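Asker: Questions regarding the structure given below will be posed in turn.
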Amino acid sequence: MPETGEKDISPSWVPKEANPEFACSVMGGIDSAVNAVSEAKYVPGVSSRKFPKKKKTSPEQLIEGVIKGDRMLLSQAITLIESNAPKDFDKAQRVLQALLPYTGKALRIGISGVPGAGKSTTIEAFGMMLCQMGYKVAVLAVDPTSSITGGSILGDKTRMQMLSREPNCFIRPSPAKGTLGGVARKSRETMLLCEAYGCDVILVETVGVGQSEITVRSMVDFFMLIVLTGAGDELQGIKKGIMEVADAIVVNKADGDNYAKAVVTQGEYERMIEFIRPATEGWKTHAYLASAYTKKGLPELWEVMRAFERVTKESGVFKRRRQAQVLSWVHSMIDEHLHNLFNEDPMVKGRMPAVMEAVVNGVVSPSQAVTELIRAFDINRAAEKHLQGYK
Ligand SMILES: Nc1nc2c(ncn2[C@@H]2O[C@H](COP(=O)(O)OP(=O)(O)OP(=O)(O)O)[C@@H](O)[C@H]2O)c(=O)[nH]1
Ligand SMILES: [Mg+2]
Numbered sequence: 469m470p471e472t473g474e475k476d477i478s479p480s481w482v483p484k485e486a487n488p489e490f491a492c493s494v495m496g497g498i499d500s501a502v503n504a505v506s507e508a509k510y511v512p513g514v515s516s517r518k519f520p521k522k523k524k525t526s527p528e529q530l531i532e533g534v535i536k537g538d539r540m541l542l543s544q545a546i547t548l549i550e551s552n553a554p555k556d557f558d559k560a561q562r563v564l565q566a567l568l569p570y571t572g573k574a575l576r577i578g579i580s581g582v583p584g585a586g587k588s589t590t591i592e593a594f595g596m597m598l599c600q601m602g603y604k605v606a607v608l609a610v611d612p613t614s615s616i617t618g619g620s621i622l623g624d625k626t627r628m629q630m631l632s633r634e635p636n637c638f639i640r641p642s643p644a645k646g647t648l649g650g651v652a653r654k655s656r657e658t659m660l661l662c663e664a665y666g667c668d669v670i671l672v673e674t675v676g677v678g679q680s681e682i683t684v685r686s687m688v689d690f691f692m693l694i695v696l697t698g699a700g701d702e703l704q705g706i707k708k709g710i711m712e713v714a715d716a717i718v719v720n721k722a723d724g725d726n727y728a729k730a731v732v733t734q735g736e737y738e739r740m741i742e743f744i745r746p747a748t749e750g751w752k753t754h755a756y757l758a759s760a761y762t763k764k765g766l767p768e769l770w771e772v773m774r775a776f777e778r779v780t781k782e783s784g785v786f787k788r789r790r791q792a793q794v795l796s797w798v799h800s801m802i803d804e805h806l807h808n809l810f811n812e813d814p815m816v817k818g819r820m821p822a823v824m825e826a827v828v829n830g831v832v833s834p835s836q837a838v839t840e841l842i843r844a845f846d847i848n849r850a851a852e853k854h855l856q857g858y859k
């Protein structure tokens, strides 16, 4: 029990007659008017937060920061681009628009290959080599599966340990949410920001599944396919389509006991390429040997890319491809927007189940069903709603 004169602060369950040693010592509470951390007195109208709420960086600050080569502000600008919040869209586009004159100077390289082919390890070794040569490098990923697995980001961070510490390299994992189209838009815009930031080379890794390789092909200048040894077996798994869009085929892991096999595989790919239409007009695709472990073949690969850049810039193919890419980007965004507007329209949504049922039961033909749904779709209202979302 406290000495007389002191306020009794014991819990109610302490027996009245208990001696002072009862239970543990009971601390008096802190006067509510006193800040518990700094012990500063409460001042009306003044926040008692230890850390003031972070002020949001303005688009102007982001623009200036990216141009000046500020890594933190580049990350923030990318986060803004990746945001799905409609209110951020306008801001993000303002930033992009202002940075557009500073973009386009980097060599954009896509890297694809089946899981385990060694894409990340090669990017780590290749990226390190480029940084040591004095280039500024960005590594991006287009991986629409990462929102499902959630694992590849973590994996790449650990596989690119050296590169992630390199001050001349900026690594950004794939935006984790969205459809392939959504992920690709964000990666494309991120690529532009990285160029404005001053990167000379952009490496875009893609998982070797589905449509993602074709999407990456549509955003890069040079597309490299990494393959494993044992082409005979592996060729079954490789789609011919992907070989048709490759400017170089790299037989990775050409080291140790695997070297001899890699040489055989290289020969097999060389023979196969003979029958495939070149991916880029005026450029002959070849198969090369490389090892991300021993780094052999990587300087030669860089020479191949430089030669590609020279040849295609001289012929005008480089510029024409970039123009075609940006136009098809606009078209695919229009498709995506219209698709979303249509599917989110309440009238369409309301009609859809009955129409679909009628189609399934053979009462209405598919063409008639489409006509009916398009008639129900009020494009003006949908467009208005869409624009409001961006205000
Ligand atoms: N011997 C040898 N092994 C390698 C080489 N490059 C990569 N590897 C190994 O191959 C495995 C897969 O490499 P990753 O770089 O993760 O392959 P990835 O293509 O990025 O794989 P995903 O991201 O899962 O699609 C790892 O165990 C690497 O250590 C190489 O040049 N030689
Ligand atoms: Mg990887």
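Each residue of the sequence shown is one higher than the one before, counting from 469 in the working numbering.
We treat Cβ as the ideally placed atom computed from N, Cα and C, and that holds for glycine.
Keep in mind the model is a prediction, meaning the values are calculated, not measured.
Is Asn720 a contact residue of ligand 1, with contact defined as CB to any heavy atom under 7 Å?
Answerer: Here the question's residue 720 lines up with position 252 in the sequence shown. Checking the Cβ of Asn720 against ligand 1 gives yes.
Asker: Excluding the five sequence neighbours on either side, which residues of its own chain have a C-beta within less than 8 Å of the C-beta of Leu622, listed in chain order?
Answerer: The residue you call residue 622 lines up with position 154 of the sequence shown. Reliability of the predicted coordinates at Leu622 is poor, the pLDDT of 44 falling under 50, and the value obtained from them is presented with this limitation in mind. Cβ within range, chain order: n/a, list empty.
Asker: Since Lys763 and Ala593 should fall inside the 8 Å C-beta cutoff, what is the C-beta to C-beta distance between them, to a whole number of angstroms?
Answerer: What you label residue 763 is simply residue 295 of the sequence shown in a count that begins at 1. What you label residue 593 is simply residue 125 of the sequence shown in a count that begins at 1. Going by Cβ atoms, the distance from Lys763 to Ala593 rounds to 5 Å, so yes, they are a contact pair.
Asker: Buried or exposed for Gln565, going by 16 or more other Cβ atoms inside 10 Å?
Answerer: Here the question's residue 565 lines up with position 97 in the sequence shown. Classification for Gln565: exposed.
Asker: Starting from the N-terminal end, write out each residue whose C-beta falls within a distance shorter than 5 Å of any non-hydrogen atom of ligand 2.
Answerer: Lys587, Ser588
Asker: Once DSSP output is grouped into helix, strand and coil, what is the label at Ala850?
Answerer: What you label residue 850 is simply residue 382 of the sequence shown in a count that begins at 1. Reduced to three states, the DSSP call for Ala850 is helix.
Asker: In angstroms, rounded to a whole number, what distance separates the CA positions of Lys853 and Ile847?
Answerer: As a working note, residue 853 is residue 385 in the sequence shown. As a working note, residue 847 is residue 379 in the sequence shown. In a straight line, the C-alpha of Lys853 is about 10 Å away from that of Ile847.
Asker: Is any heavy atom of ligand 1 found at a distance shorter than 7 Å from the C-beta of Asp723?
Answerer: Taking the sequence shown and counting its residues from 1, one reaches residue 723 at position 255. Result yes, Cβ under 7 Å from ligand 1.
Asker: How big is the Cα-Cα spacing for Val605 and Ser833?
Answerer: Taking the sequence shown and counting its residues from 1, one reaches residue 605 at position 137. Taking the sequence shown and counting its residues from 1, one reaches residue 833 at position 365. So the two alpha carbons sit approximately 54 Å from each other.
Asker: Going by beta carbon distance, what residues of the same chain come within less than 8 Å of Gly765, once the five residues before and after it are set aside?
Answerer: Within the sequence shown, residue 765 is the residue found at index 297, counting from 1. Here the set comprises Val718, Ala722, Tyr756, Leu757, Ala758, Ser759.
Asker: Taking the runs of the beta strand (DSSP E) that are 3 residues or longer, which of them lie wholly in the stretch 510–585?
Answerer: 575–581
Asker: Thinking C-beta only, is Val684 closer than 8 Å to Gly595?
Answerer: Residue numbering aside, residue 595 sits at position 127 when the sequence shown is read from its first letter. Residue numbering aside, residue 684 sits at position 216 when the sequence shown is read from its first letter. No, Cβ-Cβ distance for Gly595 and Val684 is not below 8 Å.
Asker: Identify, in the order they occur along the chain, each residue of the same chain with its Cβ nearer than 7 Å to the Cβ of Ile639, setting aside the five sequence neighbours on each side.
Answerer: The count along the sequence shown starts at 1 and reaches residue 639 at position 171. Result list for Ile639: Val607, Met628, Leu631, Ser632, in chain order.
Asker: How long is the line joining the alpha carbons of Thr571 and Asp803, rounded to whole angstroms?
Answerer: Your numbering for residue 571 matches position 103 in the sequence shown. Your numbering for residue 803 matches position 335 in the sequence shown. Going by the C-alpha atoms only, they are around 25 Å apart.
Asker: With 16 as the cutoff for other CB atoms within 10 Å, does Pro767 come out buried or exposed?
Answerer: Against the sequence shown, residue 767 aligns to sequence position 299. Under this definition Pro767 is an exposed residue.
Asker: For Lys573, I'd like the list of residues in its chain whose CB is within less than 7 Å of its CB, leaving aside the five on either flank, ordered along the chain.
Answerer: Counted from its first residue, the sequence shown places residue 573 at position 105. Excluding five sequence positions before and after Lys573, the CB atoms of its chain that fall closer than 7 Å to its own CB belong to Glu663, given in chain order.
Asker: On the CB-based measure, 16 or more other CB atoms within 10 Å of its CB, does Ser642 come out buried or exposed?
Answerer: The sequence position of residue 642 within the sequence shown is 174, counting from 1. Here Ser642 is buried. Its C-beta has 16 or more other C-beta atoms within 10 Å.
Asker: Closer than 7 Å by C-beta to Phe776: which residues in its own chain qualify, once you throw out the five before and the five after it? Chain order, please.
Answerer: The residue labelled residue 776 in the question sits at position 308 within the sequence shown. Excluding sequence neighbours, Phe776 sits near Phe690, Asp715, Trp751.
Asker: The beta strand (DSSP E) that contains Ile717, what's its start and end?
Answerer: Along the sequence shown, one-based indexing puts residue 717 at 249. Start and end: 716–719.
Asker: Output yes or no for whether 8 Å exceeds the beta carbon distance between Leu661 and Leu542.
Answerer: As a working note, residue 661 is residue 193 in the sequence shown. As a working note, residue 542 is residue 74 in the sequence shown. Yes; because the gap between Cβ atoms is below 8 Å, this pair is in contact.
Asker: Within the chosen definition, does the stretch 519–538 reach the stretch 554–569 through at least 3 CB pairs nearer than 8 Å?
Answerer: yes
Asker: For Tyr761 and chain D, any beta-carbon pair shorter than 8 Å?
Answerer: Of the protein chains in the structure, only one exists, and it is not chain D.
Asker: Which one of Tyr727, Asn808, Thr748, Val831 has the shortest CA to CA distance from Val785?
Answerer: Within the sequence shown, residue 785 is the residue found at index 317, counting from 1. With distances taken between Cα atoms, Val785 lies closest to Thr748.
Asker: Would you mind stating whether Ala850 and Leu809 have Cβ atoms separated by less than 8 Å?
Answerer: Along the sequence shown, one-based indexing puts residue 850 at 382. Along the sequence shown, one-based indexing puts residue 809 at 341. Going by C-beta atoms, Ala850 is nearer than 8 Å to Leu809.
Asker: Once DSSP output is grouped into helix, strand and coil, what is the label at Phe594?
Answerer: To locate residue 594, count along the sequence shown from 1; it is residue 126. Correct three-state label for Phe594: helix.
Asker: CB Met687 to CB Met711, shorter than 8 Å?
Answerer: On the sequence shown, position 219 is the one that residue 687 refers to. On the sequence shown, position 243 is the one that residue 711 refers to. Taking 8 Å as the Cβ cut-off, Met687 and Met711 do not qualify as a contacting pair.
Asker: For ligand 1, I want to know if Gly784 counts as a neighbour, meaning its beta carbon is within less than 7 Å of at least one of the ligand's heavy atoms.
Answerer: Working through the sequence shown from its first residue, we reach residue 784 at position 316. Checking every heavy atom of ligand 1 against the Cβ of Gly784, none is found closer than 7 Å.
Asker: Is any non-hydrogen atom of ligand 1 found closer than 7 Å to the C-beta of Ala837, if you look at the structure I gave you?
Answerer: Locating residue 837 in the sequence shown gives position 369, counting from the first residue. No, Cβ of Ala837 sits at least 7 Å from all heavy atoms of ligand 1.
Asker: Leaving aside the five residues before and after Arg656 along the sequence, list all residues of the same chain whose C-beta is less than 6 Å from its C-beta, in chain order.
Answerer: Counting from one through the sequence shown, the residue named residue 656 turns up at place 188. Same-chain partners within the cutoff: Met687.
Asker: Please determine, among Thr753, Ser800, Leu795, Trp797, the residue with the shortest C-alpha to C-alpha distance to Val779.
Answerer: If you number the sequence shown from 1, residue 779 lands on position 311. Nearest C-alpha to Val779: Thr753.
Asker: How long is the line joining the alpha carbons of Met540 and Asn636, rounded to whole angstroms?
Answerer: Counting from one through the sequence shown, the residue named residue 540 turns up at place 72. Counting from one through the sequence shown, the residue named residue 636 turns up at place 168. Rounded to the nearest angstrom, the two C-alpha atoms are 13 Å apart.
Asker: According to DSSP, Tyr756 sits in a beta bridge with which residue or residues?
Answerer: Your numbering for residue 756 matches position 288 in the sequence shown. Per DSSP, Val718.
Asker: From Thr697, Gln791, Asn552, Lys559, pick the residue whose C-alpha is nearest to that of Asn726; which is it?
Answerer: For the purposes of this step, residue 726 is identified with residue 258 of the sequence shown, where counting begins at 1. Comparing Cα-Cα distances from Asn726 to each of Thr697, Gln791, Asn552, Lys559, the minimum goes to Thr697.
Asker: With distances taken Cα to Cα, identify the nearest neighbour of Tyr588 among Tyr603, Gln600, Ala609, Arg774.
Answerer: For this step, residue 588 is matched to residue 120 along the sequence shown. A small correction: the amino acid at residue 588 is Ser; Tyr does not occupy that position in the sequence shown. Checked all of Tyr603, Gln600, Ala609, Arg774; the closest Cα to Ser588 is Ala609.
Asker: If you follow the alpha helix (DSSP H) that Arg662 is part of, which residue opens it and which one closes it?
Answerer: Along the sequence shown, one-based indexing puts residue 662 at 194. Here the sequence assigns Cys to residue 662, which means Arg is not the residue at that position. DSSP places Cys662 in the uninterrupted alpha helix (DSSP H) bounded by 648–665.
Asker: Over the uninterrupted alpha helix (DSSP H) stretch that includes Ile744, give me the two end residues.
Answerer: What you label residue 744 is simply residue 276 of the sequence shown in a count that begins at 1. Segment: none, Ile744 is in no alpha helix (DSSP H) and carries neither H nor E.
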